[in-house]
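Visitor: One structure, as structure tokens, below. Some questions next.
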């Protein structure tokens, strides 16, 4: 995962920000809305993914693949009260 890009620290409100280049964000599996944990140690600053991003219903439906997830959830015959 050793990718190197030069970026510039910029002002963002009362904080500082560094843009993460797209190639590095893809490699780290970062997406917009992704919760992250920012740590500082003797080597510098480390950013880790934390959990999954909170997707809206529309984003979840857009990501739904009917060929992969379509059809019945439990594809069995009728059982119990379903049998007439």
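Residue numbers (full-length UniProt numbering): 1 to 84.
The beta-carbon is built from N, C-alpha and C at its ideal position, and this holds for glycine as well.
Bear in mind the structure is a predicted one, so any value in this text is a computation, not a measurement.
#1: Rounded C-beta distance between residue 3 and residue 22? I'm assuming under 8 Å.
#2: Do you know whose CA, among 19, 15, 68, lies nearest residue 30's CA?
#3: For residue 26, does the three-state DSSP call read helix, strand or coil?
#4: Measure how close the beta-carbons of residue 45 and residue 36 come, nearest whole angstrom, since I'm counting them as under 8 Å.
#5: Can you name the start and end residues of the alpha helix (DSSP H) that residue 60 belongs to?
Guide: According to the data block:
#1: Sequence index remark: in the chain shown, residue 3 carries index 3 (1-based). Sequence index remark: in the chain shown, residue 22 carries index 22 (1-based). Under the criterion of beta carbons closer than 8 Å, residue 3 and residue 22 do not qualify as touching, at roughly 11 Å.
#2: Stepping through the chain shown from its first residue, residue 30 is reached at position 30. The shortest C-alpha separation from residue 30 is found at 19.
#3: The residue given as residue 26 occupies position 26 in the chain shown. Residue state, collapsed to three classes: helix.
#4: Counting from one through the chain shown, the residue named residue 45 turns up at place 45. Counting from one through the chain shown, the residue named residue 36 turns up at place 36. At roughly 11 Å, the Cβ-Cβ gap does not stay under 8 Å, so residue 45 and residue 36 are not in contact.
#5: If you number the chain shown from 1, residue 60 lands on position 60. First-last of the alpha helix (DSSP H) with residue 60: 57-63.
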